[in-house]
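Residue numbers (this note's numbering): -9 to 201.
Beta carbons: idealized from backbone N, C-alpha and C, even for Gly.
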């Protein structure tokens, strides 16, 4: 039996507090397959298993919770201040994420999905653009992003700014993304913009297939 062809991959990205996850949910509700890479990443450290054990071996027993998972808040303070530690954690997590994503993509191919969308917060930071037919970035005002994370996640300003400092700038996102979704209005406006951007990308894919 011939191997199934993977549908075209689209990449969705955006900085902390930009509204990227909201756009992903809008597209998901519109019937598109959206794979949440961040959710797969969290499971590596939030579920006891070999990912947790490798992280403890690399960073120390003090980062293990009593439940046998990783204290991600404590580890975040380390990795956002130490590029070497951050790279080590990414290696531990991404190897396992790749396996989980491959399973979801196989299911998408079997279901005959039109496209697969990767909701990937670190897509540009990890220079993964070449793996996607199109990259869509969500942009929002810096202060709006900070306010949103403080309000919705209970974090302080210093935490948000520390993450922003290690993410690419919005100017980089504008330069490197194929399309942008501006999150500068209410939910209804964002929904319309998100759907319009995706429809434009799908139309581009269809045009390319006809050439």
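Give every residue of the same chain whose Cβ lies closer than 7 Å to the Cβ of residue i, excluding the five residues on either side of it in the sequence, and list them in chain order.
i           : result
residue -8  : Low confidence applies here, because residue -8 scores a pLDDT of 48, under 50, leaving its location unreliable; read the following figure in that light. Within the same chain, residue -8 has no close Cβ partners at all.
residue 158 : 114, 115
residue 139 : 6, 7, 145, 150
residue 184 : 13, 16, 17, 171
Between the C-alpha atoms of residue i and residue j, what's the straight-line distance to the nearest angstrom?
i           : j           : result
residue 186 : residue 76  : 36 Å
residue 99  : residue 148 : 42 Å
residue 68  : residue 18  : 34 Å
residue 193 : residue 199 : 10 Å
residue 170 : residue 191 : 11 Å
residue 34  : residue 61  : 12 Å
residue 173 : residue 28  : 20 Å
residue 12  : residue 179 : 12 Å
residue -1  : residue 195 : 11 Å
residue 81  : residue 87  : 10 Å
residue 45  : residue 54  : 9 Å
residue 132 : residue 85  : 32 Å
residue 143 : residue 66  : 15 Å
Kindly list the residues whose CB is nearer than 6 Å to the CB of residue i, restricted to its own chain and excluding five residues on each side of it in sequence; keep chain order.
i           : result
residue 181 : 16
residue 127 : 3, 4, 163, 167, 170
Name the residue from the options whose alpha carbon lies nearest to the alpha carbon of residue i.
i           : options            : result
residue 9   : 188, 59, 195, 175  : 175
residue 141 : 73, -4, 6          : 6
residue 79  : 189, -3, 48, 177   : 48
residue 130 : 163, 109, 101, 156 : 163
residue -4  : 93, 184, 57        : 93
residue 165 : 125, 195, 156      : 125
residue 90  : 45, 143, 31, -1    : 31
residue 70  : 85, 177, 152       : 152
residue 36  : 97, 59, 51         : 59
Assign residue i to one of two classes, buried (16 or more other C-beta atoms within 10 Å of its C-beta) or exposed (fewer than that).
i           : result
residue 160 : buried
residue 72  : exposed
residue 95  : buried
residue 197 : exposed
residue 205 : Residue numbering for the chain in the displayed model covers -9 to 201; residue 205 lies beyond these limits and cannot be assessed.
residue 188 : buried
residue 64  : exposed
residue 74  : exposed
residue 156 : exposed
residue 101 : exposed
Note down, in chain order, each residue of its chain lying with its Cβ closer than 8 Å to the Cβ of residue i, except the 5 sequence neighbours on either side.
i           : result
residue 135 : 5, 6, 7, 8, 150, 154
residue 221 : For residue 221 there is no data in the structure shown, the boundaries of the chain being -9 and 201.
**Study point:** the region 14 to 31 in contact with the region 99 to 113 per 3-pair CB rule at 8 Å
**Key:** yes
Review point. Counting Cβ pairs, one atom from each stretch, are 3 or more of them under 8 Å apart for the region 111 to 126 and the region 34 to 41?
Key: no
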